[in-house]
Amino acid sequence: MITLKKTNISLNEQRLNYPTLGQLIVLTTSLDGFSITEAICYQKKLVISAKFYPQNKYDYKVIYVVIDLDKKNTHYYHESDGINPQFFVSPTGKYYVSIDVYHPDKDLGIMLPLFDRENITYPKPKRPIVGDFKGICHDFSIFHYVDLFSETKPDKLIAVEFKNDDIKKTYTNKIPLPKHNKLFIDSLNNQIHLLACVDNGWLHRQIDEMGSDLQSRNINIGKRFFLTCVLNLSFTYTSSILGIDEKGKFYLINISPEGKIEQNLLFDMERLIYSIWEPIKVAAETFVIRFTDEIGNGWITIQNNQVIEAFSQETVGCYINLHTKEVFKLSTKELIISEIVKTKDANYTVVFYGKEEDNHSKNKELIILNRNID
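For what it's worth, our numbering labels the leading residue of the sequence shown as 22, then goes sequentially.
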């Protein structure tokens with residue numbers, strides 16, 4: 022049930038179908054500007070949170086863009102209770118949002134159901150949640166915060182405890198050094214794992230919901246990779262990690278519970294990869310991972326330890342499928358990838374926005390690619 026109020030936004034909608042790419046939805050505006058903050062899949066619908074700026078004004082409204090990909094309709098809802106929404110999920114699968122509320126002297130926030138807010142008791146504002154939502158462990162929704170401006174401050178683990186589907190308490194704890202951990206939640210076994218770079222390899226740890234170490238091991242791979250990305254971490258089963266070197270080569274490193282290491286070249290972008298995001302698991306042994314490089318941005322899909330597709334924006338608004346060499350012109354503007362979201366099994370959605378040439382102008386183009394990889 023959606024109980025937030027609908028609102029009118031001056032966006033023009035166009036839907037296109039590319040036989041070998043997927044469904045494309047293009048939303049454009051000539052009056053308002055916007056910036057995208059987050060996206061999730063809610064009840065088989067894509068929900069995008071965005072700040073909409075009225076023409077020639079600096080104030081904004083927080084709007085949820087709700088797109089039904091199957092029924093082909095789009096609705097807009099105004100978030101009237103706060104700003105800076107961050108989506109997360111409760112241990113029972115209920116969708117929540119953490120938002121900031123106004124206070125003249127303090128940073129305060131509240132956590133509410135994303136849409137169904139009838140007959141709820143509004144919580145007392147408290148210090149807002151920091152960090153990124155990572156998943157569920159037992160009765161906790163887990164967030165992870167890394168201070169990128171300090172090499173000495175430890176990472177933080179924020180655990181929001183639920184009881185009877187209500188928020189009971191929030192715990193914030195420091196994770197023992199080293200910092201800059203990759204955090205992986207094994208949802209099937211209710212385990213939290215960490216991976217941190219050390220001298221010639223990685224430190225793999227398992228922690229509890231309060232951030233305390235449970236067990237650890239050193240993984241000596243003989244070198245440090247420029248970037249790392251975790252597909253799976255476990256002390257009981259095989260762990261799988263992507264290591265990317267300075268030349269853009271993607272290596273898949275599998276580590277057995279006994280510590281046996283297998284390293285294989287997976288893919289070669291032949292250029293420097295600047296950054297890589299956490300993988301989105303869209304099916305069994307299938308992950309979609311976005312990146313930025315020295316040319317633009319793109320994403321790869323790994324299935325059963327092989328790269329089955331790779332897309333790269335090598336000219337403005339055009340993405341090339343590096344496997345088939347097909348080129349898809351999605352926009353006349355340079356596109357920025359905001360989010361990649363699993364919408365259903367073997368299906369994912371890429372959310373783009375068009376970058377304006379004038380850095381002082383707000384974005385006016387929102388593009389959604391819905392792709393099936395069956």
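Don't be surprised by glycine CBs; every beta carbon is placed ideally from N, CA and C.
Check: Stretch pair the region 263-272 + the region 285-304: three plus CB contacts closer than 8 Å; Outcome: yes
Check: Strand pairing of residue 37, partner residues [DSSP]; Outcome: 45
Check: Classification of residue 51 by the beta-carbon crowding that lies within 10 angstroms, buried from 16 upward; Outcome: exposed
Check: The region 236-248 in contact with the region 181-196 per 3-pair CB rule at 8 Å; Outcome: no
Check: Rounded Cβ spacing between residue 372 and residue 57 (contact assumed at less than 8 Å); Outcome: 7 Å
Check: Neighbourhood of residue 161 by C-beta, 6 Å cutoff - its chain only, sequence neighbours within 5 removed; Outcome: 180, 182 and 230
Check: C-alpha gap between residue 347 and residue 95, whole angstroms; Outcome: 29 Å
Check: Buried versus exposed, by CB contacts within 10 Å (16 or more), residue 170; Outcome: exposed
Check: Exposure of residue 101, with buried meaning 16 or more beta-carbon neighbours within 10 Å; Outcome: exposed
Check: Strand pairing of residue 303, partner residues [DSSP]; Outcome: Paired residue(s): none; residue 303 is not in a bridge.
Check: Selected residue, minimal CA-CA separation from residue 113, among 143, 185, 237 and 207; Outcome: 185
Check: Alpha carbon of residue 324 to alpha carbon of residue 303, nearest angstrom; Outcome: 10 Å
Check: Within 9 Å, strictly: CB atoms of residue 107 and residue 390; Outcome: no
Check: From 349, 292, 165 and 222, residue whose alpha carbon lies closest to that of residue 262; Outcome: 222
Check: Exposure label - residue 305; buried when at least 16 CB within 10 Å; Outcome: exposed
Check: The region 294-303 contacting the region 326-341, beta-carbon criterion three pairs below 8 Å; Outcome: no
Check: Through-space distance from residue 125 to residue 375, alpha-carbon basis; Outcome: 35 Å
Check: Straight-line gap, residue 395 to residue 333 (C-alpha atoms, nearest Å); Outcome: 21 Å
Check: Inter-residue Cα distance where the pair is residue 279 and residue 204; Outcome: 21 Å
Check: Endpoints, beta strand (DSSP E) assigned at residue 207; Outcome: 203-207
Check: CA-to-CA distance, residue 316 to residue 237, given in whole angstroms; Outcome: 38 Å
Check: Cβ neighbour criterion (16 or more within 10 Å) applied to residue 79; Outcome: exposed
Check: Whole-angstrom C-beta distance between residue 148 and residue 93, which should lie under 8 Å; Outcome: No, residue 93 and residue 148 are not in contact; Cβ-Cβ is about 42 Å, not under 8 Å.
Check: Neighbourhood of residue 103 by C-beta, 6 Å cutoff - its chain only, sequence neighbours within 5 removed; Outcome: 120, 121 and 122
Check: Residues near residue 89 by beta carbon distance below 7 Å, same chain, minus five either side; Outcome: 66
Check: Those runs of the alpha helix (DSSP H) which lie wholly inside the region 236-317 and span at least 4 residues; Outcome: none
Check: Local Cβ density within 10 Å of residue 309, reported as buried at 16 or more and exposed below that; Outcome: buried
Check: Bounding residues of the beta strand (DSSP E) (the contiguous stretch that carries residue 364); Outcome: 356-365
Check: Residue of 26, 25, 33 and 201 minimising C-alpha distance to residue 388; Outcome: 33
Check: Proximity to residue 117 [Cα-Cα], best of 282, 61, 211 and 54; Outcome: 61
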